[in-house]
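Colleague: Structure provided below as structure tokens; questions to follow.
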Amino acid sequence: MKKDIILKVEGLKTYFNTDEGVVKAVDGVSFELSKGETLGLVGESGSGKSVSNLSIMSLIPSPPGKIMGGKVLFGDKSIFDLSEEEMRNIRGGKIGMIFQDPMTSLNPFLRISTQMVETIVLHKKVSKHEAKKRAIEMLDLVGIPKAYDRINDYPHQFSGGMRQRVMIAMALSCDPEVLIADEPTSALDVTIQAQILELIQSLSKKLGTAVIMITHDLGVVAGMCDNVNVMYAGRIVEKGTNDEIFADPKHPYTQGLIKSVPRLDKPKQKRLYSIEGQPPNVIDLPECCPFFPRCEFAMDKCKTAYPPVTKFGDTREVSCWLYEEKTRGE
Amino acid sequence: MTKYIIRRVLGLIPTIFIIITICFFFIRLAPGGPFSSEKKLPPQILKNMQKKYHMDQPLIVQYGQYLVDVLRGDLGPSYKYKDYDVNYFIKQTLPKSMLLGGLALLVALILGIGTGMISSLKRNSWIDYSSMSVAVIGISVPLFVIAPILMYIFAMKLNWLPVAGWLDDGGAKTLVLPVLSLSAPYFAMIARLSRASFLDSLRSDYIRTARAKGLKTSVIMFKHVLKGASLPVVSYLGPAFSGIITGSIVIEQIFRIPGLGRHFVQSAFNRDYTMIMGTVIVYSLILVFMNFLVDIIYGYLDPRISYS
Ligand SMILES: Nc1ncnc2c1ncn2[C@@H]1O[C@H](COP(=O)(O)OP(=O)(O)OP(=O)(O)O)[C@@H](O)[C@H]1O
Ligand SMILES: [Mg+2]
């Protein structure tokens, strides 16, 4: 079904060696991203969303982090086999990244122009002058008023929302094929969140950039993603198109997530739904479905083995013993 | 910015004035005087001497006269060396002390920041552990212990460097040991400070952004990390420089360097009032100026600070 796959992650495992034990932050994640697609990656804090994407960029701090297995294919290149120099060409050039906190993600000691120009000069191989022109164009594009003057300012002279716009401009300035947005709006005002999301959506459509949108906000996903991956404790527990996930969530965790979104269009609920229990501790996790302590359908099997992937059609995948049972029963 | 500098310079005047005043009266509280020695001078000679240096007048008059002289840039005659005045001594000795102190600070900065940078990049490696252990030694062992040890090893045992002396009688080699010993504690402090602040910077979000942009490690270190990470080191420069001035007094004694520090000690023993005063004024001017310079550098490095 999916055509023009540009990024393919297969069985990615990233562990951290800590004093408390081995943190299996990402434990066998696989997904594909095709040209121009917007893919949502949803999950609670600590489920391994950031670590998966930093692994794709080979930016895991090591030690303590280590990629224990799996493959990342960017086009026809296997990222973990690339030299440091080839990898640097991909970072910022082919894959752009924006982060959660725009207040700290820009270097406070350098002018916006310096930070943007160095990236463009590096990847586009143009003169500084050309690069600055390009940078001003990009700032214009993301809606910074008077970009021509503002480019010489320092980050502290911009508001949070404006800084995130600058980050977006910088990340897209080298025409990357993929944009990884790691909770780009979590640190922003609600009113500004919507503007930033719209900006990412419209720019990525315009420039044909594929986007991995990391978030724990299902509202964000519903509004802008084509496909959704739900992560729990270092693994993807459910995949599907936007419509499939919201109309018919299969994994109990996804169901819980959707139920816990406050709804304005439904009569007022007595209290908000929330998933019982704590997010799992991924240190020295035994072989089991990590969601079973919080799952209302938990069975004996869930405590002893991780459920295999069950496919529904071309686009849906669920890892849950409930469906394994069903497929076998049919 | 110009306004700020003018304001700061004007602010220095009262500071210097207070230092002169306190120093003027305090040194006269100490027992003895410039003309008291083992052998008592005959009363008539003593009287003539005191008259020559206006010491027979009331203290407050002497003080007023001294202030007027200082304002004219005249630090007065030495009480001990009759035919010389203090300005002459300072002109002779200050450049030597400045060379010694300046080199020591430079060595401490370059080696300290370099060590801090490497340690932070290779943290928890043997390079990190060994350089930080050296730094602890540098901080905890006092100058007057380090200097003789270096002297013993490199001058007396290995015979690589001269034991003492100065440029004119021993060449540039004479500088090595005094500069190294004087810089040791500050090198150590700066190495530890910069290791910590480099580590902080390396963990910061904006360095993660720089990495995600595909920049080389060397560009990241020198362009993105260095500026922010050097701020704590810059703030430490003020105290470091005053420490180096005090240290140079000791080092000049140990290595027999004819600098201002040695004269300072001598003049204190001699109760050479004008000489003490002159040296104190020069030292405080240097310190006050250094602190001022540090503030300017700080503001230049950190764009979030505005002078208005
Ligand atoms: N440098 C590190 N050292 C040790 N453990 C780490 C490190 N970085 C991440 N982890 C662990 O990896 C796990 C996954 O972290 P990750 O940052 O990917 O979560 P996340 O899904 O992005 O959460 P959030 O929504 O809070 O950003 C966490 O348990 C975290 O403690
Ligand atoms: Mg995260």
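Chains as they are written, first to last, in numbering that gives the first Met the number 0: chain A, 0 to 329; chain B, 0 to 307. Ideal Cβ placement from N, Cα and C applies to all residues, glycine included.
Tell me whether the beta-carbon of A154 of chain B lies closer than 8 Å to the beta-carbon of V144 of chain B.
Modeller: Working through the second sequence from its first residue, we reach residue 154 of chain B at position 155. Working through the second sequence from its first residue, we reach residue 144 of chain B at position 145. Cβ distance not < 8 Å, so A154 of chain B and V144 of chain B don't count as in contact.
Colleague: For chain A, find out if any of its Cβ atoms is closer than 8 Å to the Cβ of P302 of chain B; answer yes or no.
Modeller: Residue numbering aside, residue 302 of chain B sits at position 303 when the second sequence is read from its first letter. Yes - at least one Cβ of chain A is within 8 Å of the one on P302 of chain B.
Colleague: Is the closest heavy atom of ligand 2 to the C-beta of D100 of chain A under 7 Å?
Modeller: For this step, residue 100 of chain A is matched to residue 101 along the first sequence. Outside the cutoff, so no.
Colleague: Could you give the residue range of the beta strand (DSSP E) that holds Y14 of chain A?
Modeller: Residue numbering aside, residue 14 of chain A sits at position 15 when the first sequence is read from its first letter. Taken as a continuous stretch (DSSP letters only), the beta strand (DSSP E) holding Y14 of chain A covers 4-17.
Colleague: For D344 of chain B, decide whether its Cβ has a neighbour in chain A, counting only Cβ atoms nearer than 8 Å.
Modeller: Since the first residue of chain B shown is 0 and the last is 307, residue 344 of chain B is not available in this structure.
Colleague: Using CA atoms only, rank isn't needed, just tell me which of A:P307, A:Q156, A:F311 is closest to W320 of chain A.
Modeller: Numbered from 1 along the first sequence, position 321 holds the residue referred to as residue 320 of chain A. Nearest C-alpha to W320 of chain A: A:P307.
Colleague: Of all the residues that make up the region 90-102 of chain A, which are near chain B by a beta-carbon distance shorter than 7 Å?
Modeller: Here the close residues are R90, G91, G92, M96, F98, D100.
Colleague: Give the DSSP-derived three-state secondary structure of T37 of chain A in the structure shown.
Modeller: As a working mapping, residue 37 of chain A is identified with position 38 in the first sequence. Looking at T37 of chain A - three-state DSSP - the assignment turns out to be strand.
Colleague: Taking 8 Å as the CB-CB cut-off, is Y205 of chain B touching chain A?
Modeller: Stepping through the second sequence from its first residue, residue 205 of chain B is reached at position 206. Chain A contact via Cβ: present.
Colleague: Mind the definition here: the region 212-223 of chain B touches the region 176-186 of chain A only if three or more C-beta pairs lie below 8 Å; say whether that holds.
Modeller: Verdict: no, contact absent.
Colleague: Taking 7 Å as the cut-off, is the beta-carbon of S104 of chain A closer than that to any non-hydrogen atom of ligand 2?
Modeller: Within the first sequence, numbered from 1, the residue matching residue 104 of chain A stands at position 105. S104 of chain A: no, Cβ never under 7 Å from ligand 2.
Colleague: For the alpha helix (DSSP H) containing L108 of chain B, list its first residue and its last residue.
Modeller: Here the question's residue 108 of chain B lines up with position 109 in the second sequence. Per DSSP, L108 of chain B belongs to the alpha helix (DSSP H) from 85-120.
Colleague: Quick one: does the C-beta of M54 of chain A sit closer than 7 Å to a heavy atom of ligand 2?
Modeller: Along the first sequence, read from residue 1 onward, the residue named residue 54 of chain A stands at position 55. Just to set this straight, residue 54 of chain A is Ser in the shown sequence, not Met. Not so, every heavy atom of ligand 2 lies at least 7 Å from the Cβ.
Colleague: Grab me the residues of D247 of chain A's own chain with a C-beta within less than 7 Å of its C-beta, minus the 5 sequence neighbours each way, in chain order.
Modeller: Counting from 1 along the first sequence, the entry for residue 247 of chain A is found at position 248. So the list is empty, once near-sequence residues are dropped.
Colleague: Can you name, in chain order, every residue of its own chain whose Cβ lies under 8 Å from the Cβ of T303 of chain A, other than the five neighbours on each side?
Modeller: Your numbering for residue 303 of chain A matches position 304 in the first sequence. These residues qualify, in order along the chain: E286, C287.
Colleague: Compute the Euclidean distance between the alpha carbons of Q254 of chain A and V133 of chain B, then round it to the nearest angstrom.
Modeller: In the first sequence, the residue the question calls residue 254 of chain A occupies position 255. In the second sequence, the residue the question calls residue 133 of chain B occupies position 134. The alpha-carbon atoms of Q254 of chain A and V133 of chain B are separated by roughly 59 Å.
Colleague: K12 of chain A: beta carbon under 7 Å from a heavy atom of ligand 1?
Modeller: Position 13 of the first sequence, counted from the first residue, corresponds to residue 12 of chain A. No, ligand 1 has no heavy atom inside 7 Å of this Cβ.
Colleague: May I have a chain-ordered list of the alpha helix (DSSP H) segments no shorter than 4 residues that lie completely inside the region 122-172 of chain B?
Modeller: For the region 122-172 of chain B, whole alpha helix (DSSP H) runs of length 4 or above, ordered along the chain, are 125-139, 142-149, 166-169.
Colleague: Could you confirm whether any beta carbon from chain A is found closer than 8 Å to the beta carbon of R210 of chain B?
Modeller: Along the second sequence, read from residue 1 onward, the residue named residue 210 of chain B stands at position 211. Taking Cβ atoms only, chain A reaches closer than 8 Å to R210 of chain B, which makes this a yes.
Colleague: Quick one: what's got a C-beta closer than 6 Å to D127 of chain B's C-beta in the same chain, skipping five residues either side?
Modeller: By 1-based counting over the second sequence, the position of residue 127 of chain B is 128. Excluding positions up to five away in sequence, the list reads S118, K121.
Colleague: What are the start and end residues of the beta strand (DSSP E) that includes K310 of chain A?
Modeller: Here residue 310 of chain A corresponds to residue number 311 of the first sequence, with the count starting at 1. 308-311 is the span of the beta strand (DSSP E), which, as asked, contains K310 of chain A.
Colleague: Label L11 of chain A either buried or exposed according to how many other C-beta atoms from any shown protein chain fall within 10 Å of its C-beta, with 16 as the threshold for buried.
Modeller: Indexing the first sequence from 1 puts residue 11 of chain A at position 12. That one is buried.
Colleague: Keeping to the same chain, check which residues put their C-beta closer than 6 Å to that of N226 of chain A; ignore five residues upstream and five downstream.
Modeller: The sequence position of residue 226 of chain A within the first sequence is 227, counting from 1. Same-chain partners within the cutoff: L38, T240.
Colleague: T118 of chain A versus chain B: which residues are under 7 Å apart at the beta carbon?
Modeller: Taking the first residue of the first sequence as position 1, residue 118 of chain A is located at position 119. Near T118 of chain A (Cβ distances below 7 Å), the residues of chain B are K212.
Colleague: Just to confirm before moving on: does the CB-CB distance between R133 of chain A and I119 of chain A stay below 8 Å?
Modeller: Residue mapping note: residue 133 of chain A aligns to position 134 of the first sequence, counting from 1. Residue mapping note: residue 119 of chain A aligns to position 120 of the first sequence, counting from 1. Closer than 8 Å, so yes.
Colleague: So S104 of chain A contacts chain B; which residues on that side make the cut at Cβ distance below 8 Å?
Modeller: Your numbering for residue 104 of chain A matches position 105 in the first sequence. In chain order: D204, Y205, R207, T208.
Colleague: Return the chain-ordered ranges of every alpha helix (DSSP H) run that is complete within the region 42-115 of chain A and spans a minimum of 4 residues.
Modeller: DSSP runs (the alpha helix (DSSP H)) wholly in the region 42-115 of chain A: 48-55, 83-89, 101-104.
Colleague: So N228 of chain A and F73 of chain A are supposed to be a Cβ contact under 8 Å. How far apart are they, rounded?
Modeller: Position 229 of the first sequence, counting from 1, holds the residue named residue 228 of chain A. Position 74 of the first sequence, counting from 1, holds the residue named residue 73 of chain A. That belief does not hold up - the Cβ atoms of N228 of chain A and F73 of chain A are roughly 18 Å apart, past 8 Å.
Colleague: Relative to ligand 3, is the shortest distance from any of its heavy atoms to the C-beta of S247 of chain B smaller than 7 Å?
Modeller: Ligand 3 is not part of the structure shown, which contains ligand 1 and ligand 2 as its ligands.
Colleague: Closer than 8 Å, Cβ to Cβ, to anything on chain A: give me those residues from the region 212-241 of chain B, in chain order.
Modeller: Flagged, chain order: K212, G213, L214, K215, V218, K222, H223, K226, G227.
Colleague: Would F157 of chain A pass as an interface residue toward chain B - the criterion being a Cβ-Cβ separation below 8 Å?
Modeller: Here the question's residue 157 of chain A lines up with position 158 in the first sequence. With 8 Å as the cut-off, F157 of chain A does not count as an interface residue toward chain B.
Colleague: Would T17 of chain A pass as an interface residue toward chain B - the criterion being a Cβ-Cβ separation below 8 Å?
Modeller: As a first step, residue 17 of chain A is located in the first sequence; it is residue number 18 there, counting from the start. Not closer than 8 Å to any Cβ of chain B, the Cβ of T17 of chain A fails to qualify, so no.
Colleague: Is the beta carbon of I243 of chain B sitting closer than 8 Å to the one on G260 of chain B?
Modeller: Position 244 of the second sequence, counted from the start, is the residue given in the question as residue 243 of chain B. Position 261 of the second sequence, counted from the start, is the residue given in the question as residue 260 of chain B. Contact flag unset, no.
Colleague: Round the Cβ separation of M223 of chain A and M212 of chain A to the nearest angstrom and send it over; I've been treating them as touching at under 8 Å.
Modeller: Residue mapping note: residue 223 of chain A aligns to position 224 of the first sequence, counting from 1. Residue mapping note: residue 212 of chain A aligns to position 213 of the first sequence, counting from 1. Sure, about 7 Å apart at Cβ, within 8 Å.
Colleague: For S259 of chain A, does the three-state DSSP call read helix, strand or coil?
Modeller: As a position in the first sequence, residue 259 of chain A is number 260, starting the count at 1. Residue state, collapsed to three classes: coil.
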